[in-house]
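Heads up, the sequence shown is in my numbering, so the first residue is 32 and it goes up one at a time.
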Amino acid sequence: MIKKLIGLSLCFFLLLTPVSLAIESQRSTPIMTPEVQNPYLSPDSPKYSSEGWELQWSHDYGGMGHSQLAQPVGDLDADGVNEIIVGGYENEGWCRILSYDAAQQTYVEEYSWYVPGGSYRIPTGACIFDLNEDGTLELVVAWGFTGADGVYAYTWDGATLTTLDCYNGVGVDFLYDVYACDYNDDGHVEVMVSNAPNMGTSQWHVYALRWEVDHFVAEAFWA
């Protein structure tokens with residue numbers, strides 16, 4: 032009986048393997064297309080296309096590329112063009128606001144900054160949403176390895192980045208990421224913050240921040 036089960040398992044695995052390899056092979060096939068003149072991409076670089084998606088732009092900021100934060104998108108300055116936030120474990124430790132310039136047909140940097148001090152300084156996570164419910168979008172960024180680690184709230188009007196508040200109280204430790212959602216169904220979007228589970232000294236791995244008038248308030252913690 033055991034031999035039969037082993038035999039059936041092997042047959043099932045062999046049946047699935049070619050399908051998986053075929054799908055993977057299809058997804059990794061490069062397609063050469065004419066390249067738009069772009070200061071961030073070589074004219075000789077290929078565009079990679081898969082299932083309708085095509086590489087439009089890329090740039091190497093250096094550092095550990097596997098540790099870049101997820102890039103939130105939103106029209107921060109209400110000019111009708113979405114901004115994109117880029118940052119992470121790069122060599123220089125900057126957080127950058129980019130947007131697409133239709134005339135140049137490429138992404139341009141509107142602004143970049145960092146929190147000074149510390150040993151390395153990194154923006155570890157970011158999210159864009161209407162934090163204070165004023166009808167415009169705000170930017171929330173978590174910073175680590177700086178001289179003033181914490182969760183920062185900003186506004187961007189296209190010319191000036193303004194800091195609204197920084198939460199660096201209970202729970203702040205080795206900051207990993209931030210995420211915006213109405214986790215408790217109270218009709219207001221909160222900021223979920225995660226600490227590294229294997230570093231730091233805080234007992235809290237996840238905590239929630241709500242916005243009250245002009246500052247963050249921690250309202251829930253999870254170990």
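For glycine and all other residues, C-beta sits at the position ideal for the given N, C-alpha and C.
- Look at residue 130 here: in three-state DSSP terms it is strand.
- For residue 226, the enclosing beta strand (DSSP E) has its first and last residue at 221–226.
- Membership of residue 201 in any beta strand (DSSP E) is not indicated, and neither H nor E is assigned to it by DSSP.
- Residue environment analysis places residue 180 among the buried positions, since at least 16 neighbouring C-beta atoms fall within 10 angstroms of its C-beta.
- In terms of Cβ geometry, residue 224 and residue 238 form a close pair [threshold 9 Å].
- By the C-beta density criterion, residue 204 is buried, having at least 16 other C-beta atoms within 10 angstroms.
- Contact annotation: residue 170 and residue 161 have beta-carbon atoms that are not nearer than 9 Å.
- In this chain, the beta strand (DSSP E) harbouring residue 241 covers 237–243.
- The alpha carbon of residue 100 has as its nearest neighbour, out of 165, 236, 172, 202, the alpha carbon of 172.
- Here DSSP, grouped into helix, strand and coil, assigns residue 143 to strand.
- Put simply, of 235, 194, 158, 218 the residue whose alpha carbon is nearest the alpha carbon of residue 210 is 158.
- The C-beta distance from residue 235 to residue 253 rounds to 7 Å, short enough to meet the 8 Å contact threshold.
- Around the C-beta of residue 130, 16 or more other C-beta atoms lie within 10 Å, and the residue is accordingly described as buried.
- Inclusion of residue 128 and residue 192 in the CB contact set at 9 Å is warranted, their separation being smaller than that value.
- At a cut-off of 3 residues, the continuous stretches assigned as beta strand (DSSP E) that sit fully inside the region 161–190 are 169–175, 181–187.
- Among the bridge pairs identified by DSSP, residue 196 is matched with 184.
- Around residue 213, the same chain offers 219, 220, 221 as residues with beta carbons nearer than 7 Å, after the five sequence neighbours per side are excluded.
- One thing to note: residue 123 has its Cβ within 9 Å of the Cβ of residue 92.
- The beta carbon of residue 121 sits closer than 7 Å to the beta carbons of 92, 93, 94 from its chain, once the five residues preceding and following it are set aside; these are given in chain order.
- Counting along the chain, residue 112 sits inside no beta strand (DSSP E), nor does DSSP assign it H or E at all.
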